[in-house]
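Structure first, commentary second.
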Amino acid sequence: RKKKDEYEDVSAICKNPHCITTSEQELPRLVYKDGEGALRCVYCDERI
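Start counting the sequence shown at 373; every next residue gets the next number (my numbering).
Printed below as a string of C-alpha cells:
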C-alpha cells in the first residue's frame with residue numbers, strides 16, 4: 373500500500389525503537405508529510 377506523497381529520504385531516521393526500520397536497516401527510509409506538514413515514517417507513522 374502506497375500512501376499519497378510517499379517518498380524516500382535518506383536523511384530521515386525514525387526514532388521509534390519498535391519501528392521495523394530499527395531491525396531491518398536495508399529498508400528504504402520512506403516518509404510522507406502529514407496534514408500539518410511534518411514528516412512521518414511510512415512504516416510506523418512516527419513523527420520524524
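C-beta: ideal position from N, C-alpha, C; glycine also.
Query                                                                                                                                                                    : Result
I think ARG401 touches ASP417, with their Cβ atoms under 8 Å apart; what is that distance to the nearest whole Å?                                                        : The pair is not a contact, with the Cβ atoms about 14 Å apart (cut-off 8 Å).
Do LEU399 and TYR379 have their CB atoms nearer than 9 Å?                                                                                                                : no
For ARG419, count neighbouring C-beta atoms within 10 Å of its own C-beta (all shown protein chains included) and say buried if the count is 16 or more, exposed if not. : exposed
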